[in-house]
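Asks: Sharing a structure below in structure tokens format, with a few things to ask.
There are 2 protein chains.
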Amino acid sequence: MKNIDTVAIVGTGLIGGSIALALKKKKLCRRIIGVCLHKKSLAAARKMKAVDTASLSLEAIKDAELVILATPVSVILRLAPKISGIIKRDCLVFDVGSTKASIVRKLSGIFPHFVGTHPLAGSEKRGVANAKADLFQGSLCLITPAPGTDKNALSKVRSFWRALEAKTVIMSPARHDQILGFVSHLSHLSAFALIHSIPNQFLKFSPCSLKEATRVAGSDSELWADIMLDNRVNVLKAVSSLQKNLAAIKKTLAGNDRAELARILLKAKIKRGSLK
Amino acid sequence: MKNIDTVAIVGTGLIGGSIALALKKKKLCRRIIGVCLHKKSLAAARKMKAVDTASLSLEAIKDAELVILATPVSVILRLAPKISGIIKRDCLVFDVGSTKASIVRKLSGIFPHFVGTHPLAGSEKRGVANAKADLFQGSLCLITPAPGTDKNALSKVRSFWRALEAKTVIMSPARHDQILGFVSHLSHLSAFALIHSIPNQFLKFSPCSLKEATRVAGSDSELWADIMLDNRVNVLKAVSSLQKNLAAIKKTLAGNDRAELARILLKAKIKRGSLK
Numbered sequence: 001m002k003n004i005d006t007v008a009i010v011g012t013g014l015i016g017g018s019i020a021l022a023l024k025k026k027k028l029c030r031r032i033i034g035v036c037l038h039k040k041s042l043a044a045a046r047k048m049k050a051v052d053t054a055s056l057s058l059e060a061i062k063d064a065e066l067v068i069l070a071t072p073v074s075v076i077l078r079l080a081p082k083i084s085g086i087i088k089r090d091c092l093v094f095d096v097g098s099t100k101a102s103i104v105r106k107l108s109g110i111f112p113h114f115v116g117t118h119p120l121a122g123s124e125k126r127g128v129a130n131a132k133a134d135l136f137q138g139s140l141c142l143i144t145p146a147p148g149t150d151k152n153a154l155s156k157v158r159s160f161w162r163a164l165e166a167k168t169v170i171m172s173p174a175r176h177d178q179i180l181g182f183v184s185h186l187s188h189l190s191a192f193a194l195i196h197s198i199p200n201q202f203l204k205f206s207p208c209s210l211k212e213a214t215r216v217a218g219s220d221s222e223l224w225a226d227i228m229l230d231n232r233v234n235v236l237k238a239v240s241s242l243q244k245n246l247a248a249i250k251k252t253l254a255g256n257d258r259a260e261l262a263r264i265l266l267k268a269k270i271k272r273g274s275l276k
Numbered sequence: 277m278k279n280i281d282t283v284a285i286v287g288t289g290l291i292g293g294s295i296a297l298a299l300k301k302k303k304l305c306r307r308i309i310g311v312c313l314h315k316k317s318l319a320a321a322r323k324m325k326a327v328d329t330a331s332l333s334l335e336a337i338k339d340a341e342l343v344i345l346a347t348p349v350s351v352i353l354r355l356a357p358k359i360s361g362i363i364k365r366d367c368l369v370f371d372v373g374s375t376k377a378s379i380v381r382k383l384s385g386i387f388p389h390f391v392g393t394h395p396l397a398g399s400e401k402r403g404v405a406n407a408k409a410d411l412f413q414g415s416l417c418l419i420t421p422a423p424g425t426d427k428n429a430l431s432k433v434r435s436f437w438r439a440l441e442a443k444t445v446i447m448s449p450a451r452h453d454q455i456l457g458f459v460s461h462l463s464h465l466s467a468f469a470l471i472h473s474i475p476n477q478f479l480k481f482s483p484c485s486l487k488e489a490t491r492v493a494g495s496d497s498e499l500w501a502d503i504m505l506d507n508r509v510n511v512l513k514a515v516s517s518l519q520k521n522l523a524a525i526k527k528t529l530a531g532n533d534r535a536e537l538a539r540i541l542l543k544a545k546i547k548r549g550s551l552k
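Residue numbers (my numbering), protein chains in the order written: chain V, 1 to 276; chain F, 277 to 552.
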């Protein structure tokens with residue numbers, strides 16, 4: 001990646017903060033401007049020396065060559081028109097939102113050099129306090145160009161993520177949302193439903209397996225309401241698939257069908273074993 | 277716990293092996309006899325010095341003062357009558373099976389000094405190779421006497437688990453199975469169903485959250501078919517509860533009801549946060 005002079009990060013939380021720390025560590029730019037709507041978050045980013053300039057105002061990003069949008073999905077969609085009136089016409093812009101179809105559709109029409117990306121490196125923990133320079137090292141970053149995406153911008157953004165040691169995969173926004181609806185959004189939804197299913201008075205007997213299975217139910221509810229609704233068509237399909245599989249197992253229990261139950265569980269074990 | 281001369285462990289897998297290692301480390305008995313139906317497992321237990329004598333035959337346990345049944349649930353139920361014909365009349369017997377009602381019902385009628393127990397310290401990894409002396413340290417062990425359980429045996433078994441540094445809780449077998457149906461069996465069942473719901477071609481994009489949510493789907497299928505069928509009445513209730521909660525979330529997605537979805541997710545986050 002060619003060195004950049006000024007990078008602006010809008011949203012200095014876990015992902016935005018980790019990008020900033022990685023850029024600093026690898027000396028990939030001269031100056032980082034952090035913008036965040038939350039004073040506390042900004043102060044933390046400044047204290048951690050993740051950013052050189054911290055501002056509550058979007059005006060601060062006007063001279064950036066690269067703008068990274070790292071707020072929740074609905075905030076990206078809301079701020080984009082305002083940002084386009086502030087930054088330079090030739091500014092490169094990419095986002096790190098968890099859904100891609102609606103963001104790429106809207107932002108491609110707003111910014112001439114926009115690329116959608118999604119680093120698969122989140123956590124149920126939010127905020128710059130949990131940020132780390134090596135968050136993306138060895139992780140997967142999905143890059144989701146639209147047919148009209150500027151090829152030069154795409155190449156630069158891919159180099160950016162590779163410089164942060166992420167493995168990049170290019171796919172369409174629609175394909176991204178379909179895949180993530182299953183591999184990420186469904187397992188979050190399932191964790192939310194699972195924890196609701198445990199009677200309160202039984203919680204104190206929770207073994208490690210339940211704690212682990214429901215860890216992501218501790219994720220931010222507003223962020224996840226955003227993600228699930230933005231990708232609702234795919235998430236609805238994924239939930240239906242889970243409901244079908246639950247019903248199949250339930251049927252073997254109701255019918256005391258040991259052979260079929262063991263067959264389903266063995267197939268699950270083999271499939272789970274194939275996950276790297 | 278008063279020192280014991282000879283302890284026999286039937287089933288030298290993860291739990292049986294870990295008990296053996298803990299007894300050795302804490303010098304709580306003079307001699308450990310390990311019995312297992314699998315040659316490999318026995319050889320491994322001998323190699324790890326978990327047992328002093330390793331045998332494929334139940335006859336080896338005849339002189340034990342304490343017999344610990346650490347095989348899968350169905351094997352415990354199957355071997356109990358045979359074992360009762362081999363051991364001494366005053367021998368103390370306890371099991372570590374994952375379900376309790378059927379085991380306690382049957383074994384209380386077979387052994388005069390029997391106590392049901394369930395250490396909540398398993399893993400999706402099986403076998404003595406994964407055993408460790410501190411597996412039970414700080415963990416919870418549920419002890420499930422029946423109305424007719426010998427009080428002296430109960431007290432000895434409780435001391436045994438406390439000597440291994442487990443926290444013990446006494447409850448009825450029925451209550452145990454009801455609680456475990458939710459806090460353990462349901463989250464396993466949900467993991468099995470979740471991994472089945474992910475299209476194969478999407479698996480390579482699995483983020484950490486999915487790997488974690490489905491870790492226990494890698495558990496032994498025969499063992500879990502046993503557990504779920506033995507506790508099917510409670511597991512069926514637990515699955516119904518999960519289905520109800522999934523349907524509630526699905527409804528908010530279908531109806532694009534952000535307020536209700538965010539409310540459900542926030543309640544889940546708070547509930548998950550209450551897990552120690």
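We put the CB at the ideal spot given by N, CA and C, even for glycine.
Give a yes or no on whether 8 Å exceeds the smallest Cβ distance from H472 of chain F to chain V.
Replies: yes
Asks: Could you work out which residues of chain F lie near I249 of chain V, taking near to mean beta carbons separated by less than 7 Å?
Replies: L465, F468, A469
Asks: DSSP three-state label for L142 of chain V, please.
Replies: strand
Asks: Return the residues of the segment 282-307 of chain F that lie within a Cβ-Cβ distance of less than 8 Å from chain V, sorted by chain order.
Replies: none
Asks: So with Cβ pairs under 8 Å, would you call W161 of chain V a contact of chain F?
Replies: no
Asks: Tell me whether H464 of chain F sits in a helix, a strand or coil according to DSSP, three-state version.
Replies: helix
Asks: Closer than 8 Å by beta-carbon distance: list the chain V residues that pair up with I455 of chain F, in chain order.
Replies: Simply F202, F205.
Asks: Identify the contact partners of P348 of chain F in chain V, using a Cβ-Cβ distance below 9 Å as the criterion.
Replies: Neighbours of P348 of chain F on chain V: none; closest Cβ ~12 Å, over 9 Å.
Asks: Using 10 angstroms around the beta-carbon of G424 of chain F, count the other beta-carbons present and answer buried if the total reaches 16, otherwise exposed.
Replies: exposed
Asks: Quick check on R548 of chain F: buried or exposed, where buried means 16 or more other Cβ atoms within 10 Å of its Cβ?
Replies: buried
Asks: Can you pull the chain F neighbours of E212 of chain V, defined as C-beta to C-beta under 9 Å?
Replies: S463, E488, A489, R491, V492
Asks: Going straight from the alpha carbon of L470 of chain F to that of S187 of chain V, what length do you get?
Replies: 7 Å
Asks: Using a Cβ-Cβ cut-off of 8 Å, state whether V380 of chain F counts as contacting chain V.
Replies: no
Asks: Closer than 8 Å by C-beta to I4 of chain V: which residues in its own chain qualify, once you throw out the five before and the five after it? Chain order, please.
Replies: L28, C29, R30, E65, L66
Asks: For D230 of chain V, which three-state DSSP category applies?
Replies: helix
Asks: Could you compute how far the alpha carbon of V10 of chain V sits from the alpha carbon of V183 of chain V?
Replies: 27 Å
Asks: So, at 7 Å on beta carbons, what are the nonlocal neighbours of I103 of chain V in its own chain, with the 5 sequence-adjacent residues on each side left out?
Replies: Take I103 of chain V, set aside five residues on each side of it, and the residues of its chain with a beta-carbon closer than 7 Å to its own are V73, I76, L77, D95, G97, G116, in chain order.
Asks: If we define contact as Cβ-Cβ less than 8 Å, is T126 of chain V a contact residue for chain F?
Replies: First, the residue type needs correcting, since residue 126 of chain V is Arg and not Thr in the sequence shown. Closer than 8 Å: no.
Asks: Inspect the beta-carbon positions of L21 of chain V and K132 of chain V and report whether they are closer than 8 Å.
Replies: L21 of chain V is a Cβ neighbour of K132 of chain V, given a cutoff of 8 Å.
Asks: CB-CB under 6 Å to H452 of chain F, same chain, minus the five flanking residues each way: which ones, in chain order?
Replies: K376, L418, T420
Asks: Just to confirm the assignment, what range does the beta strand (DSSP E) spanning P119 of chain V have?
Replies: 114-119
Asks: Counting pairs of beta carbons, one from the segment 489-498 of chain F and one from the segment 523-542 of chain F, are three or more of them closer than 8 Å?
Replies: The segment 489-498 of chain F, when compared against the segment 523-542 of chain F, does not touch it at the 8 Å Cβ threshold.
Asks: Going along chain V, which residues have a C-beta under 7 Å from V220 of chain F?
Replies: With chain F represented from 277 up to 552, any question about residue 220 of chain F goes unanswered, as that position is not in the structure.
Asks: Using beta carbons (cut-off 8 Å, strictly below), is G116 of chain V in contact with chain F?
Replies: no
Asks: If S139 of chain V sits next to L120 of chain V, beta carbons under 8 Å apart, how far is it from one beta carbon to the other, in whole angstroms?
Replies: 6 Å
Asks: What residues match up with R31 of chain V in a beta bridge as DSSP calls it?
Replies: V:T6
Asks: Are there 16 or more other CB atoms within 10 angstroms of the CB of D90 of chain V, so buried, or fewer, so exposed?
Replies: It counts as exposed.
Asks: Assuming A405 of chain F contacts H461 of chain F (C-beta within less than 8 Å), just tell me the rounded distance between them.
Replies: Actually they are not in contact, since the Cβ atoms of A405 of chain F and H461 of chain F sit about 25 Å apart, beyond 8 Å.
Asks: Taking any Cβ of chain F, which residues in the segment 218-232 of chain V have a Cβ under 8 Å from it, in chain order?
Replies: G218, S219, D220, S221, E222, W224, A225, M228, L229, R232
Asks: Terminal residues of the continuous beta strand (DSSP E) containing K443 of chain F?
Replies: 443-446
Asks: Just to check my reading of the structure: I203 of chain V and S448 of chain F have Cβ atoms closer than 8 Å, yes? What is that Cβ distance to the nearest angstrom?
Replies: It should be pointed out that residue 203 of chain V corresponds to Leu in this sequence rather than to Ile. Not confirmed; about 19 Å, so no contact.
Asks: Note down the Cα distance separating L332 of chain F from L368 of chain F, rounded to an integer number of angstroms.
Replies: 21 Å
Asks: So is V235 of chain V in contact with chain F if we call contact Cβ pairs under 8 Å?
Replies: yes
Asks: For a quick check, are the C-beta atoms of F481 of chain F and I87 of chain V less than 8 Å apart?
Replies: no
Asks: Between which two residues does the alpha helix (DSSP H) holding I68 of chain V run?
Replies: That residue, I68 of chain V, is in no alpha helix (DSSP H); its beta strand (DSSP E) goes 66-69.
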